[in-house]
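Whatever position you read off the sequence shown (first residue = 1), add 458 for the numbering used here.
Structure first, then comments.
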Amino acid sequence: MRTRLVVSLLGLVLFAGGAPALASPPTPGDQPLPGYTISNPPLKPEVVGGKPTRVLQGVHKHSAYIVEVPPDWNGRLAMWAHGYRGTGTVLTVDPPAYGLRTRLLGQGYAWAASSYYGNGYDVRAGVQATHDLARHFGTLVARPKQVLIAGVSMGGHVIGRSLEQYPGFYDGALPMCGVLGDHELFDFFLDYQLTAQKLSGIGTYPVPADYLTAVVPRIQEELGLTTLLPGGPDTVTDRGAQFRAVTVERSGGPRPGATPAFAFWKNFLFGLASPPAPDAPLAFDPGRLATNLGTRYRPSSPVDLNRTVQRVLPADWRSRLSPALTEVPRIAGKPRVPVVSLHGLGDLFVPFSMEQEYRSDVARNGQSRWLVQRAIRTVDHCEFSPSEVGAAWDDLVAWTDRGRKPAGDAVGDRSAVASETFGCRFTDRAAYAGPGTRKLFSACP
């Protein structure tokens, strides 16, 4: 009876439209996810002590990777977490920057870097892919006796969350120009648009499709920003001066280089605004987490922004409040292992306030003993010299190996940050004579 019933039902299905559709087979782990391709050209080995390194490249769990092992490996591994790659469909992977690749290999460290399995602002992909590759290293080479992690920009967000997602797995971290303040980065971008609109008298939020071409030029004209250049004449109006002061406050407070940094970044920050994209994944529209609901603006004159600015709720409250590992996750501030961070004072793409937010979170959790932060007198994003990065790495190694906690800057001390010499202690004086934005600061004594 049961067999006849099954046969009858199968006949009914076939009569009604054929056999049920079968699910697509899963993508093999040695291939990128659908929609992505991989670019991972061969990396030439370095020569250490007269011998070539061993370079391994491939794809693991949909992410491209590079692994490099020195001839006399010390049994330790350094993971490299890259920054934001945009929203393209090509996955790429690169070695540690700032001369760190050569330094690591010369000290006997192996290193490994992942492309992550997706682009966009997808911290979850970075956290998981970096951890997966570190574990895969045990199969490719051998299980390391220590794992450190370093990285830049969004990679700093990856690092901050990785230490909490996999407690005890990493032994120390070097985030540079990192998004350690997590969601507050997108709050800062939102603040920039809303305060500029209010102070110019041109309110257009959510921004329209022609915001950059039709609206921003009018805002800049009203605030005196059109011809403002770093180191040039101060062309801002009274309300433009308030806008600049508010931006400085929201990005870390009064500090050396803040005025030329505002002129350097003003156009770029307007370009980060985009119309709502409700159907886009969170990694491609992280701005929907942003809010200024509880923001207090300073200064409050000539316009009382706290009373009159448009207040915006997060479009995605669930992701904003979730403790889970989302594409744009929270960082609680519980590193539990040594962390040495570097950050440019004038960086407004990932502002210096990210360090202050992380410092507050770490202190609230009673873990300040694990955090050392250093300010570098630069304006461009992730603008560090090999000397600055190398010194931070060496100090991190000494801390993890011998318990020797290095010195840092008081990034949470408002008066210290405002000092004309703040950031001089760890800034490479030799780099002042080179290219880049360091000349926007006075020379350190």
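We put the beta carbon where it would ideally sit given N, CA and C, even for glycine.
From a predicted model like this one, the values you see are computed outputs, not experimental measurements.
Just to confirm my understanding: we take residue i, look at its own chain, exclude 5 residues before and 5 after, and list those with CB closer than 6 Å. What are they?
{"i": "L727", "result": "Y650"}
{"i": "T753", "result": "none"}
{"i": "I789", "result": "G618, R619 and D640"}
{"i": "E813", "result": "H801, Q831 and V869"}
{"i": "V599", "result": "V527"}
{"i": "A587", "result": "S521, S572, Y574 and Y575"}
Can you tell me which of the three DSSP states residue i falls into?
{"i": "G802", "result": "strand"}
{"i": "V506", "result": "strand"}
{"i": "V673", "result": "helix"}
{"i": "L740", "result": "helix"}
{"i": "Y663", "result": "coil"}
{"i": "A638", "result": "Checking the sequence, you will find Leu at residue 638 rather than Ala. Of the three classes helix, strand and coil, the one that applies to L638 here is coil, per DSSP."}
{"i": "D819", "result": "helix"}
{"i": "L751", "result": "coil"}
{"i": "L472", "result": "Here L472 scores only 30 on pLDDT, less than 50, and its place in the model is too uncertain to base an answer on."}
{"i": "Q825", "result": "coil"}
{"i": "L563", "result": "helix"}
{"i": "R601", "result": "coil"}
{"i": "L491", "result": "coil"}
{"i": "L686", "result": "coil"}
{"i": "Y407", "result": "Nothing about residue 407 can be read from this structure; the chain reaches only from 459 to 903."}
{"i": "D590", "result": "helix"}
{"i": "G544", "result": "coil"}
{"i": "D530", "result": "coil"}
{"i": "R582", "result": "helix"}
{"i": "V808", "result": "coil"}
{"i": "D645", "result": "helix"}
{"i": "G618", "result": "helix"}
{"i": "F899", "result": "coil"}
{"i": "R746", "result": "helix"}
{"i": "G596", "result": "helix"}
Excluding the five sequence neighbours on either side, which residues of its own chain have a C-beta within less than 8 Å of the C-beta of residue i, listed in chain order?
{"i": "T653", "result": "F701, V704, T705, Y755, L763 and V767"}
{"i": "K724", "result": "Q678, L683 and L686"}
{"i": "A874", "result": "D867, A868 and F880"}
{"i": "T695", "result": "E680, L681 and G682"}
{"i": "D774", "result": "L740, R746 and L747"}
{"i": "T827", "result": "For the record, residue 827 in the displayed sequence is Arg; it is not Thr. Closer than 8 Å at Cβ, skipping near neighbours: K863."}
{"i": "P503", "result": "P510, T511, R512, V513 and E526"}
{"i": "A856", "result": "R862 and P864"}
{"i": "G596", "result": "P602"}
Starting from the C-beta of residue i, find all residues in its chain whose C-beta is less than 7 Å away, skip the five residues before and the five after it, and write them out in chain order.
{"i": "P625", "result": "R794"}
{"i": "E841", "result": "G802, G894 and T895"}
{"i": "D871", "result": "none"}
{"i": "T560", "result": "E504"}
{"i": "R887", "result": "C902"}
Report, in whole angstroms, the separation of the C-beta atoms of residue i and residue j, which I expect to be a contact under 8 Å.
{"i": "S658", "j": "C635", "result": "The pair is not a contact, with the Cβ atoms about 30 Å apart (cut-off 8 Å)."}
{"i": "H594", "j": "H518", "result": "5 Å"}
{"i": "V786", "j": "P736", "result": "Contact flag wrong, Cβ pair sits at about 16 Å."}
{"i": "V665", "j": "P733", "result": "6 Å"}
{"i": "T784", "j": "R835", "result": "Wrong, their Cβ atoms sit about 35 Å apart, outside the cutoff."}
{"i": "H641", "j": "L806", "result": "Wrong, their Cβ atoms sit about 17 Å apart, outside the cutoff."}
{"i": "G905", "j": "A539", "result": "Only positions 459 to 903 of the chain appear in this structure, which leaves residue 905 out of reach."}
{"i": "G576", "j": "A570", "result": "Their Cβ separation, rounded to whole angstroms, is 19 Å, which puts G576 and A570 out of contact at 8 Å."}
{"i": "G557", "j": "G824", "result": "Going by Cβ atoms, the distance from G557 to G824 rounds to 36 Å, so no, they are not a contact pair."}
{"i": "V548", "j": "T495", "result": "5 Å"}
{"i": "G715", "j": "G804", "result": "4 Å"}
Sort out for me which residues DSSP pairs residue i with in a bridge.
{"i": "S497", "result": "T550"}
{"i": "Q831", "result": "S799"}
{"i": "I524", "result": "Q515 and A571"}
{"i": "L606", "result": "A536 and G630"}
Which ranges would you report for the beta strand (DSSP E) in the segment 757–792 if only whole runs of at least 3 residues count? Listed in chain order, there is nothing to give.
Could you name each continuous alpha helix (DSSP H) segment of 4 residues or more that falls completely within the segment 689–743, going from the start of the chain to the end? Whole alpha helix (DSSP H) segments, 4+ residues: 696–708 and 716–728.
Which runs of the alpha helix (DSSP H), 4 residues or longer, sit entirely within the segment 839–890? Taken in chain order, the whole alpha helix (DSSP H) runs of length 4 or more contained in the segment 839–890 are 844–860 and 872–876.
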